[in-house]
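What follows is a single structure, written as structure tokens, with notes after it.
In the working numbering, the protein residues as written are 68 to 325.
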């Protein structure tokens, strides 16, 4: 019962399609990625259409714990304004992806998405992994274990036990938790540029999580302050959200010109 409760608090998948790929851009590819153990993973891919160096880069978007990839067209449109490409995918058990979600499974699914990009001919040093909320715990795993151009953490917790202890202070969450997503523990060992994005009025993941993650990250790094609540960054001030995407690309340009 404890494990079932823990799982239900972390994963909120939906099979319902909220938006179509054409709500993002009309030239996107609606596809399936071959996940681990033959689990098919639903994905959308958009090629870069910029006129400069940014066209060479692709954002690998790891979404949060609710809904599925079709729930976030605004995020994708905002990131694509940079001129870079984007691959978003559903973890097992989300949307049209088969299976059941779990910590190790979501990691394996993200690695499969990364490998798909590499097989597509995208160099490792042109892939930027972007983690939204829970997706930050997944993106940080990819950043720790694969070569990347950069990591973006959007409204991400330090770890599941940390946020759980804040939500349920009357329970020994840190002792009992089996799902961890230890973003904070990985950050000191991540060698690519890092951008942390968080709102001071985030109503789900407190701002202190973002500041603590930023403090733990190595250089080069940048902090972008979002506006609005946990899911309201685009409504409150879309320019700040886009600034985070542009910042990680600028950091790439700075690195390449040194």
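Idealized CB from N, CA, C, for every residue including glycine.
These numbers come from a predicted model, not from an experiment.
In this structure residue 270 is exposed. Its beta-carbon is surrounded by fewer than 16 other beta-carbon atoms within 10 angstroms. Within the same chain, 121, 124, 149, 151 come within 7 angstroms of residue 316 by CB-CB distance, once the 5 residues on both sides are set aside. Per DSSP, residue 268 lies in no alpha helix (DSSP H) and is assigned neither H nor E.
For residue 308, the CB contacts under 7 angstroms within the same chain, skipping 5 residues up- and downstream, are 145, 293, 300, 301 in chain order. The beta-carbon separation of residue 99 and residue 107, rounded to 5 angstroms, stays under the 8 angstroms limit for a contact.
Less than 8 angstroms separates the beta-carbon of residue 80 from that of residue 161.
Following the DSSP letters along the chain, one finds residue 225 in no alpha helix (DSSP H), marked with neither H nor E. Residue 112: not part of any alpha helix (DSSP H); member of the beta strand (DSSP E) spanning 107-113, first to last residue.
With respect to the C-alpha of residue 279, the residue from 169, 187, 170, 254 having the closest C-alpha is 254. DSSP, read as helix, strand or coil, puts residue 257 in coil. Residue 125 is bridged by DSSP to 152, 194.
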